[in-house]
Amino acid sequence: MVVNVAVDGPAGAGKSTISRAAAKELGFIYVDTGALYRAVGVYALRNGIGTKDSENIEKALKNIVVELKFVGDVQHVFLNGEDVSTEIRTPEASMAASDVSAIPCVRAFLFDLQRDIAKKNNCLMDGRDIGTVVLPDAKIKIFLTASAEERAKRRYKELVEKGAKDTYEEVLADLEKRDYQDSRREIAPLKPAEDSVIVDTSDYNFDEAKNIIVNIIKERI
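Read in order, the letters of the sequence shown are residues 326 to 546 in this note's numbering.
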């Protein structure tokens, strides 16, 4: 029987890094659904399409092919055949993803891809609405969070290491703006599923948080 694990939570909570490591330890496929929305956002930015312009975003979808490919055990994101795994991690791509993810046709466009992966594999899938919408029947649901200040601190450190010039204050403001947008959008707002386990990682380092997630999954399999 295929086992699906849904991990949801706000931007900067460590979902991607923690989920990727947990999936590797468990021998599951890791699926970062936020990367799919980021790829659509990058297409819009590249082509001068407003990321909140639902009409033109919908028209553009017929020209977009988003794929997840696993190189070894590392997930890469391809946009129309181009590996955009690095480009989708910029702050601009992050905000664009938040905008396009609120557009119903974009969610429908990516919905089947996400479910198809889950249907065929033991997977740990993270995002904003995995436990509530994409995989409501997932065997295990986790809502991973942390304080806005802690999340901003982590994201700022990542950006500095990549050579970005953003200030901590800018990163915090972006996170708070995205939290507001994600939790208040009409379509699939960010919120814990009723049967999810809520894990606050504010006071845990990476290894501690990863071990908590792995143990929750092992207990419930």
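Cβ coordinates follow ideal geometry from the N, Cα and C atoms, glycine included.
Please state whether DSSP places F436 in a helix, a strand or coil.
helix
What is the DSSP secondary structure of A338, reduced to helix, strand or coil?
coil
Beta-bridge pairing of C448 - partner residues as DSSP gives them
N329, I354
Residue burial classification, M326 (beta-carbon count within 10 angstroms, cutoff 16):
exposed
Does the stretch 351-370 come close enough to the stretch 485-505 to have 3 or more Cβ pairs within less than 8 Å?
no
Which two residues bound the contiguous alpha helix (DSSP H) that contains D304?
Absent from the structure is residue 304, since the part of the chain shown begins at 326 and ends at 546.
On a Cα-Cα basis, can you pick out the residue from V399, A336, T415, P335 that is closest to G488?
T415
What whole-angstrom Cβ distance do N447 and I354 have, given they're in contact under 8 Å?
7 Å
Straight-line CA distance for L370 to P429?
19 Å
So V485 is in the alpha helix (DSSP H); what residue range does that whole segment cover?
473-486
Close beta carbons around D520, own chain, < 7 Å, minus the five adjacent residues each side
K466
With the cut-off set at 8 Å, would you say A427 and I374 are in Cβ contact?
no
Kindly indicate which residue of K340, E350, I413, V425 has the alpha-carbon position closest to the one of R510.
V425
When DSSP labels each residue in this structure, what does V367 get in the three-state scheme?
helix
Contacting residues, own chain, Cβ-Cβ under 7 Å from D525 (five flanking each side not counted)
T470, A471
Which residues mark the beginning and the end of the beta strand (DSSP E) in which E412 is found?
Taken as a continuous stretch (DSSP letters only), E412 belongs to no beta strand (DSSP E), as it is neither H nor E.
For D525, the residue or residues it bridges with in DSSP:
T470
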